[in-house]
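Heads up: the sequence shown begins at 0 in numbering that gives the first Met the number 0, then just goes up one per residue.
Here is the structure we will look at, set down as structure tokens.
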Amino acid sequence: MFTIPAESVRQATSTALAVLETYPWPLRSLRVLTTADFDRLTDAMALPPLVSVQEAADGLGMTRQGVLKAIKGKVLPATRVGGTWVLQRSVVEGARAHRGV
């Protein structure tokens, strides 16, 4: 994702296409939005509260390795962000209630 200053959506589209033509990879999609539309879209995409593996371990009374094992065994659902696992706080709270911690 990148931002191109432009006077119009048409100008932004033309500039984006010109920039993307310099890339060695084929263009798969292009979405051009005004700043206001982009802000509305991203504001609507609120992320749920997330916790780290260590925070989950602390909340569940487990070790960090135990949480990682539960993630890999699909006992605890988690998402990898870059090289880091994150869990939804609600999942950890539910697991905590289930475990009686």
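Cβ atoms here follow ideal geometry from the backbone N, Cα and C, with glycine treated the same way.
Under 8 Å: do the segment 29 to 40 and the segment 65 to 81 share three or more Cβ pairs, one atom per stretch? Using a C-beta cut-off of 8 Å, the segment 29 to 40 makes no contact with the segment 65 to 81, since fewer than three inter-stretch Cβ pairs fall below that distance.
Are there three or more Cβ pairs, one per stretch, closer than 8 Å when the segment 78 to 85 is compared with the segment 41 to 51? yes
Under 8 Å: do the segment 58 to 67 and the segment 90 to 98 share three or more Cβ pairs, one atom per stretch? yes
Of the residues Leu26, Lys68 and Glu6, the one placed nearest Ala0, counting alpha carbons only: Note that residue 0 corresponds to Met in the displayed sequence, not to Ala. The candidate whose alpha carbon is nearest that of Met0 is Leu26.
Can the beta-carbon of Val31 be found less than 9 Å from the beta-carbon of Thr12? yes
Once you ignore the five residues that flank Leu19 on each side, which residues in its own chain have a CB closer than 6 Å to its CB? Leu26
Whole angstroms is fine: what's the gap from Leu67's alpha carbon to Ala45's? Using only the alpha carbons, I get a separation of about 26 Å.
Which of the three DSSP states is assigned to Arg27 in this structure? coil
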